[in-house]
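Residue numbers are given in our numbering: position 373 of the sequence shown equals residue 374, and the series is strictly consecutive.
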Amino acid sequence: MPRPKSILWVDDEIEALAPHRRFLETQGFTVASAAHGDDALAMLRRQPYSVVLLDEQMPGRRGLELLPEIRAIDAGVPVVMVTQSEDDGTLRDAIGVEVDDYLVKPVHPRQILSVVTRLLEGDRIRQQRLARDFVARFRELEGRRGSALAWREWIEFVVELSRWEVRLAAANEPGLSEALHALQTSLRKDFAGYIARQYPRWLASPEGDRPPLSVDVGAEFLVPVLKNQGRVLFIVVDCLRLDQWHALRDLVTPLFDVEESHYYSILPTATPFARNAIFSGLFPMEIAARHPDWWGQASDEESLNAHEAELLTEQLRELVGTPVPVRYEKLFGSADGGELLRRLPAHLAQDGVTALVFNFIDQLTHGRSESAILYEVARDDAALRSLTRTWFERSPVRAALLEAERRGVTVLLTTDHGSIHCETPATVYAKRDATANLRYKFGEDLRSEDPEAAIAVEDLKSFGLPGMGLGVRLLLAAGDRFFVYPTKLREYQARYRGSFLHGGVTPEEVILPVALLTPRSRAAGRAGPVGPGGPGGRGGRARWAAAPASSACSAPTGFSSPPTSPPRWWRRSWMGRRSCC
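And the structure:
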């Protein structure tokens, strides 16, 4: 039930405030008054008020003493302290007991109106403005549907849609959210077509105009920070979508100055491929050629990620030119977090890279299809964001960030791939040796019943993947589809419809955030970032801007120019050496 548009003004000099009361009444408010605290409490027991204006210095009990009793009668009523006292102690006391606002007399009637309007109608006014802004912007966004977008434009487009998604959900605008969702759904087909055309071209011409990929994260984002600072905390949160990052960002900004950029995951958008590419700077084909003992079967996901620490150490040694100390930890749950936090101070005190991998969100998305409880609490995108935020607030990730901020250590935070809320089954035909993944499959004679449901890759090496035998091809799911077999159609539909899955080709899985977090005590005076389409670097690639500083690793370099050690596969022209793989 909405509160009446009424004000209770508690002040022992209420008669002197008659002009203020009349002004508020002309603005549509009913203003009741009380000269004593006990009278005010009695009035609150009889009826609710929109807001209480409370004098601090009154005969008898002070306003601060009345506040707990006001909260006991009506816990939701906003209380504004209006007092003649300019004492800092009074202000701190008022803030400590969580008054909703604080005004020092003499006050102008419009000051009162401004505060009351903000408290009572601020959410509605902001919601109306948000709706107007979105409707105006939506026409422009919808007009871009079907246009030929380059990789930078896809990033800008997808990032903006993700931010609107989070804002509209927070404002409880289901109608506008539905319109946005329809636009996002329609874009997935365009994006799949774009990736099918461009991805092999990017790999065939690595020095051309292309986006940063998973293999570039080390060279383009991590190493320049390491050279500039000497030490860095590198955090990879497995399966973190753009919208989830946007929902978490305000929890990070009180501690760090945040510079955000984006990159494209390699394909398939799954941990064995994408995360190994981040830590190695290599495509799966190159890892298999260089370390055949480390690269097993595509279906053996656990063993494929067993050498991330060694791969990162090797990559940094090649990029920097000297050995770089690496401390690597992978966390699956809160129990691991306690042990990590005991070791973390010693890690952060040393030069080099402390790399932490957090698997909770990936476990959540996988476990959701197996648990009815998880399915209920993470029923849709908005619920998954909310659950992610709740976890993050008390997670080892945030504890690690707090420790890094306390010690003045710069953080590079990213993810390996996103996920997509899958609702549409796509029938595929395959032999028994096909992999079991729901968004991508390797196997002989694979085909999709609906050609638009998946990207079919005949030449695995053109996608940077090791050959797997004669006739083996790859299917990558497009849109919100998940693969089912005709013999198990109903079983798979019942089990996996509505699941958050990854491995396919959607903006939600491919376009990913990478954030440079500089402790606020060290952020002053540093230049801002250059965005993905901005100046500097080959192809206008995103680079952090950094002021020169001493480093234990090597001479510092700025991110406004190309890194001195570009990704290894640029130099090796690896696509020309495919015969070795």
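Don't be surprised by glycine CBs; every beta carbon is placed ideally from N, CA and C.
Straight-line CA distance for residue i to residue j?
i: VAL473; j: THR425; result: 25 Å
i: ARG130; j: SER7; result: 25 Å
i: ASP134; j: CYS423; result: 30 Å
i: LEU332; j: ALA457; result: 35 Å
i: THR84; j: PHE280; result: 59 Å
i: ARG386; j: ALA516; result: 18 Å
i: TRP203; j: HIS418; result: 19 Å
i: ASP239; j: ALA248; result: 16 Å
i: GLU26; j: PRO20; result: 10 Å
i: GLY97; j: GLN351; result: 39 Å
i: PRO557; j: LEU223; result: Note that PRO557 has pLDDT 31, beneath the 50 cutoff, so the model's placement of it is unreliable and the number below is only indicative. Cα-Cα distance, rounded: 13 Å.
i: ILE113; j: LEU252; result: 31 Å
i: SER420; j: LEU214; result: 17 Å
i: ALA383; j: ALA171; result: 9 Å
i: GLY282; j: ALA205; result: 16 Å
i: ILE71; j: ASP124; result: 23 Å
i: SER562; j: ASN306; result: Here SER562 scores only 32 on pLDDT, less than 50, and its place in the model should not be relied on; the value that follows carries that caveat. Spanning the two alpha carbons is a distance of roughly 33 Å.
i: ALA95; j: PRO79; result: 13 Å
i: THR355; j: GLU157; result: 31 Å
i: VAL398; j: PHE359; result: 7 Å
i: GLU66; j: ASN173; result: 37 Å
i: TYR264; j: TYR486; result: 33 Å
i: ASP101; j: GLU309; result: 50 Å
i: PHE192; j: GLY209; result: 20 Å
i: VAL429; j: MET469; result: 19 Å
i: GLU287; j: PHE361; result: 29 Å
i: GLU311; j: ASP294; result: 13 Å
i: GLU509; j: ALA73; result: 46 Å
i: PHE235; j: THR488; result: 45 Å
i: GLU330; j: GLU340; result: 10 Å
i: LEU461; j: HIS503; result: 19 Å
i: SER262; j: THR323; result: 27 Å
i: ASN277; j: ARG395; result: 28 Å
i: ALA33; j: ILE15; result: 10 Å
i: VAL108; j: VAL136; result: 38 Å
i: PHE274; j: PRO69; result: 57 Å
Output yes or no for whether 8 Å exceeds the beta carbon distance between residue i and residue j.
i: GLY38; j: GLY61; result: yes
i: GLY409; j: ARG328; result: no
i: ALA454; j: ALA437; result: no
i: VAL233; j: LEU227; result: yes
i: LEU184; j: ARG153; result: no
i: LEU365; j: ALA379; result: yes
i: LEU92; j: TYR103; result: yes
i: THR272; j: ASP337; result: no
i: VAL160; j: LEU243; result: yes
i: LEU477; j: VAL511; result: no
i: MET44; j: ALA36; result: no
i: VAL11; j: VAL53; result: yes
i: PRO201; j: SER463; result: yes
i: LEU177; j: ALA132; result: yes
i: ALA289; j: PRO467; result: yes
i: TYR50; j: LEU18; result: no
i: PRO514; j: THR415; result: yes
i: MET59; j: ASP13; result: yes
i: GLU99; j: MET82; result: no
Following the continuous beta strand (DSSP E) through residue i, name the residue where it begins and the one where it ends.
i: HIS247; result: That residue, HIS247, is in no beta strand (DSSP E); its alpha helix (DSSP H) goes 243-253.
i: GLY97; result: Segment 89-97 is the alpha helix (DSSP H) holding GLY97; no beta strand (DSSP E) there.
i: THR415; result: 412-415
i: ARG168; result: First-last for ARG168: 152-171, but that is the alpha helix (DSSP H), not the beta strand (DSSP E).
First and last residue of the alpha helix (DSSP H) that includes residue i?
i: THR118; result: 110-144
i: PHE483; result: Here PHE483 belongs to no alpha helix (DSSP H); instead the beta strand (DSSP E) covers 482-485.
i: MET44; result: 38-47
i: TYR195; result: 175-205
i: ASP13; result: It is not in any alpha helix (DSSP H) - ASP13 carries neither H nor E in the DSSP assignment.
i: PRO69; result: 64-74
i: ALA401; result: 397-408
i: MET59; result: Looking at the DSSP string, MET59 is not in any alpha helix (DSSP H), and its letter there is neither H nor E.
i: ILE288; result: 285-291
Mind checking if residue i is an interface residue toward chain C, Cβ cutoff 8 Å exclusive?
i: PRO273; result: Structure shown: chain C not included; a single protein chain is present.
What is the C-beta distance between residue i and residue j, in whole angstroms, given that I count them as a contact (C-beta under 8 Å)?
i: THR411; j: GLN230; result: 5 Å
i: TYR441; j: PRO269; result: 4 Å
i: PHE484; j: LEU439; result: 5 Å
i: TRP165; j: LEU181; result: 6 Å
i: ASP451; j: ALA435; result: Not a contact, Cβ separation roughly 17 Å.
Can we say the stretch 441-452 touches the stretch 172-186, given the rule of at least three CB pairs closer than 8 Å?
Contact fails: fewer than three Cβ-Cβ distances are below 8 Å.
Would you check if the stretch 392-409 and the stretch 252-270 touch, i.e. whether three or more CB-CB distances between them fall below 8 Å?
Yes: at least three Cβ pairs fall under 8 Å.
Does the pairing of the stretch 483-495 with the stretch 304-319 give three or more beta-carbon distances under 8 Å?
Below 8 Å, too few C-beta pairs join the stretch 483-495 and the stretch 304-319 to call them touching: fewer than three.
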